[in-house]
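K.L.:
One structure, as structure tokens, below. Some questions next.
In this note's numbering, the protein residues as written are 1 to 74.
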């Protein structure tokens with residue numbers, strides 16, 4: 001993910017955490033997102049427990065569907 005995408009995404013990270021938690025709760029998962037931050041590799045999504053790959057796919061698809069993100073750089 002490019003720096004411009006990361007900056008745009010993190011500018012409203014609180015909203016994204018709330019939306020991701022709403023999605024995870026609606027499909028009755030016990031995993032919840034605590035916060036999102038960045039490092040030199042990209043975005044780091046921290047959850048309350050170890051997530052399954054299916055949970056990570058949900059998070060990835062949410063990030064790719066955010067209007068601010070250029071999906072060619074994800």
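Every residue gets a Cβ at the ideal spot worked out from N, C-alpha and C, and that includes glycine. Bear in mind the structure is a predicted one, so any value in this text is a computation, not a measurement.
Mind checking which residues open and close the beta strand (DSSP E) that includes residue 43?
P.N.:
Residue 43 -> beta strand (DSSP E) spans 42 to 47.
K.L.:
If you measure between the beta carbons of residue 32 and residue 21, is that distance less than 9 Å?
P.N.:
Taking 9 Å as the Cβ cut-off, residue 32 and residue 21 qualify as a contacting pair.
K.L.:
Thinking just about the alpha-carbon of each residue, which of 11, 62, 60, 49 is nearest to the one in residue 34?
P.N.:
When each option's Cα is compared against that of residue 34, the closest is 49.
K.L.:
Return the residue from the list 64, 66, 63, 59 that minimises the CA-CA distance to residue 27.
P.N.:
When each option's Cα is compared against that of residue 27, the closest is 59.
K.L.:
Return the residue from the list 45, 8, 55 that minimises the CA-CA distance to residue 25.
P.N.:
Of 45, 8, 55, the residue nearest in Cα terms is 55.
K.L.:
What are the start and end residues of the beta strand (DSSP E) that includes residue 27?
P.N.:
Run containing residue 27: none; DSSP gives neither H nor E here.
K.L.:
Classify residue 52 as buried or exposed, calling it buried when 16 or more other Cβ atoms lie within 10 Å of its own Cβ.
P.N.:
Label assigned to residue 52: exposed.
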